[in-house]
Amino acid sequence: MTLPPPLFRSFFLAGFECSSHRNMARRRLDMIAATRHDLLAREDYAQLAEHGIRSVRDGLRWHLIETQPGRHDWTSLLPMLRAAEATGTQVMWDLCHYGWPDDLDVFAPAFVDRFARFAAAFARLHVEETGRAPFTCPVNEMSFIAFSGGDMARSSPHATGRGLELKRNLVRATVAATRAVRAEAPAARFACIDPLIHIVPRHAGEAAEVRAHNASQWQAWDMLAGREAPELGGAEDLLDVVGVNYYWNNQWLNHAEPLSVFDSARYRPFRHLLAEAAARYAGRQIFVAETSIEGAPRPAWLRYVTEEALAAAALGVPVEGVCLYPVVSHDGWDEDRYCENGLFEATPLHGRRQVHRPLAEELARLQAMVGHQLIPRPAHSVALP
């Protein structure tokens, strides 16, 4: 069996928080500007290379690029795109990371059409600037947007009871954008990124509710692949790379607190969740698209996720990498609380990010352990635990 080439230039990736939605107070966020990544992109990419990270997740700010329908001003993106080229950094670009222009109704057919044209325009720009087809995540976390913005009114579009409707239109937009980008750059790659979760019922009466909630984590991937709601335009070839987000609180007791990794009776090892995803979407490459925790446990959490990813690879899961997300600590979406979750701190000193040394030291140990040339690349099918 011929194995595909590695997706990334390094096993460990870094993700720059690039959310641009309106928060609970309806205030527009721009996390790239808030962390000064727009001003420090070249320095950030170069500093990551010092830690052995040559591949990153980064984002476009659609609301800045398309201030008038159909007119694209790439001023906010070009310095970042060119910084990546100058430093030899591979970037997966999020085209829509929770935010869109204010004049667009995310539930409307016009959203799909505008997004497809925006994606195609970016693909042309990327080819012109780099000579290569882009690697994109068209819409980041469709399931989370549907929950947070469509059901809970916590973020754009601040709706309730419309989560499934929102998810369906985001899938339509992803289908249209993927086809539009491929028309411009046939070699383009695409990641569909959503969280992996595991919920445990508090009592037997919650079993059916919990089964339905756990099953809903697959819905966006299944829709994109055409397995569910084929009228949305999905097809198996549109689901390319599967990106899974996994944080310390992605497993929880129903309507209650997160589960501890030490709760062996109820907590599912991350390797098992990865194996389940790989079995469901057989033949696709998978990577951990986001993971982090705040405060002192940062090194221990990265070690846990990395060891579980490698254990999953031993089971036959084609794990391509682990992304530290976010790589720069930042202020919270809805308050001024500083979230200490990054490898780098937000405030630079003499033009360089200050490094969280315990996490950097653990990353170095893990780099030495896995080394890109030693990443398991199984050719056999996944062995479900």
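If you use the numbering used here, the sequence shown closes out at 392, no skipped numbers anywhere.
The C-beta atom is built at its ideal place from N, Cα and C for all residues, glycine as well.
Since the structure is predicted, the reported quantities are computational estimates derived from the model, not experimental observations.
> Taking the DSSP output, what are the residues bridged to HIS165?
Replying inline: Looking at the DSSP assignment, HIS165 forms no beta bridge with any residue, so it has no partner.
### Query
Who are the near neighbours of ASN30 in its chain, counting only those whose CB is closer than 7 Å to its CB and skipping five residues on each side?
LEU36, SER162, TRP340, ASP341
*asked:* Just to confirm my understanding: we take ALA160, look at its own chain, exclude 5 residues before and 5 after, and list those with CB closer than 7 Å. What are they?
replied: ALA166, THR167
Exercise. Would you mind stating whether ASN261 and PRO208 have Cβ atoms separated by less than 8 Å?
Key: yes
Exercise for review: Can you give me the Cβ contacts of VAL119 inside the same chain, cut-off strictly under 6 Å, excluding the 5 residues immediately before and after it?
Suggested key: ARG179, ALA180, ALA183
Practice problem: Thinking THR185 and PRO145 are a contact (beta carbons under 8 Å), I'd like their distance in whole angstroms, please. | Solution: 6 Å
Inspect the CB distances between the segment 232 to 250 and the segment 211 to 219 and report whether three or more fall short of 8 Å. no
Give the DSSP-derived three-state secondary structure of SER17 in the structure shown. coil
Requested in this report: Evaluate the contact criterion for the segment 297 to 317 versus the segment 40 to 48: three or more CB pairs, one atom per stretch, below 8 Å.
Outcome: no
Inspect the beta-carbon positions of GLY328 and PHE15 and report whether they are closer than 8 Å.
-> yes
Measure from the alpha carbon of ARG131 to the alpha carbon of each residue in SER155, LYS174, PRO193, MET87, then state which is nearest. PRO193
Quiz item: If you run the structure through DSSP and keep just helix, strand and coil, what is THR450?
Solution: Since the first residue of the chain shown is 8 and the last is 392, residue 450 is not available in this structure.
- Task: Could you tell me whether the segment 95 to 107 touches the segment 62 to 70, where touching means 3 or more Cβ pairs closer than 8 Å?
- Result: yes
What residue range is occupied by the uninterrupted alpha helix (DSSP H) comprising HIS220? 214 to 222
query: For GLY254, which of ARG218, HIS220, ALA307 has the nearest alpha-carbon?
result: In the sequence as presented, Gly is not what sits at residue 254; that position holds Tyr. The option with the nearest alpha carbon to TYR254 is ALA307.
- Beta-ladder partner(s) of SER62, from DSSP: LEU20, GLN97
(request) Can you tell me which of ALA272, TYR274, LEU317, ILE300 puts its alpha carbon nearest to the alpha carbon of PHE294? (result) LEU317
So what's GLU122 in DSSP terms, helix, strand or just coil?
-> Here the sequence assigns Phe to residue 122, which means Glu is not the residue at that position. Helix.
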